[in-house]
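Following my numbering, the numbering of the sequence shown begins with 5 at its first residue and continues without gaps. These notes are about the structure you will find just below.
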Amino acid sequence: MPDIRLEPWGEDDFPFVEKLMGDPEMTTHLAGPESPERLAERHERYLRANNSTARMLKIVGEETGEAVGSVGYWEKEWRGELIYETGWGVLPPFQGRGIASAATALAIELARAERKHRYLHAFPPPDNGASNAICRKLGFELLGEVEFEFPPGHVAASNDWRLDLFASDV
Ligand SMILES: CC(C)(COP(=O)(O)OP(=O)(O)OC[C@H]1O[C@@H](n2cnc3c(N)ncnc32)[C@H](O)[C@@H]1OP(=O)(O)O)[C@@H](O)C(=O)NCCC(=O)NCCS
């Protein structure tokens, strides 16, 4: 189990947003690197995403304190229902060590503790092998392929994975 913790977004984290969403390798499965304006908007959005409507967190090495990735969840209207959507990213030097899986498991516990929305969805593109593997491993159910818009303005085929956050109540 990787030694990581989750921390809220900080005022000084703009360079980290650039590494996550302004980098060609990190955005291969998305729409490519975002413009400086979009990155600045994203940073401001992430700073405000610290409540049950949206929560965006840095994945930080427990011992090093180094930011290695991001994970979060936010409300979205999907097929007439309010759900949580989740997403994640881990910087290339830290990939392949189970960090995204561990961080997403922690984020799921936070979303579950909100007691707010029953379903948490993830929408990775079908060719994002690692992200689809994470969904499968963490107990999401694959509902099928959909057309999905992320980031805004970019529509692509995505898998619709769903996790029932209230399942343990049954
Ligand atoms: C997707 C991403 C977050 C994965 O991060 P990571 O920390 O390397 O992921 P993990 O190590 O926790 O787990 C990846 C799992 O996928 C598996 N995997 C990796 N590549 C795979 C592939 N091509 N096909 C199938 N499974 C794959 C791994 O074996 C691992 O499963 P395991 O633990 O059972 O062995 C990271 O590659 C990334 O940030 N990519 C760029 C941004 C991105 O794509 N974000 C998600 C958008 S949907």
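By construction, the Cβ of each residue, glycine as well, lies at the ideal position given by its N, Cα and C atoms.
{"Query": "Of all the options S162, K80, E113, which has the alpha carbon lying nearest to the alpha carbon of L142?", "Result": "E113"}
{"Query": "Would you mind stating whether E38 and M30 have Cβ atoms separated by less than 7 Å?", "Result": "no"}
{"Query": "By the DSSP assignment, the alpha helix (DSSP H) with T90 in it spans what residues?", "Result": "Taken as a continuous stretch (DSSP letters only), T90 belongs to no alpha helix (DSSP H), being part of the beta strand (DSSP E) at 85-94."}
{"Query": "Quick one, which of K62, G73, L124 has its alpha-carbon nearest L86's?", "Result": "L124"}
{"Query": "Does DSSP put G157 in a helix, a strand or coil?", "Result": "coil"}
{"Query": "Count the CB pairs spanning the stretch 95-103 and the stretch 44-53 that are closer than 8 Å, and state whether there are at least three.", "Result": "no"}
{"Query": "Three-state secondary structure (DSSP) at E45?", "Result": "helix"}
{"Query": "If you drop the 5 nearest sequence neighbours on each side, which residues of the same chain put their C-beta closer than 8 Å to that of F18?", "Result": "L43, A44, H47"}
{"Query": "Give me the residue from L34, P28, D16, R83 with the minimum Cα distance to S135.", "Result": "L34"}
{"Query": "What are the boundary residues of the beta strand (DSSP E) that L10 is part of?", "Result": "8-12"}
{"Query": "What does the Cβ neighbour count give for E89, buried or exposed, with the cut at 16 atoms within 10 Å?", "Result": "buried"}
{"Query": "At a cut-off of 6 Å, would you count W92 as near ligand 1, judging by its Cβ distance to the nearest heavy atom?", "Result": "yes"}
{"Query": "Return the CA-CA distance between P155 and P128, expressed in angstroms with no decimal places.", "Result": "12 Å"}
{"Query": "Regarding H158 and ligand 1, is the C-beta to nearest heavy atom distance less than 6 Å?", "Result": "no"}
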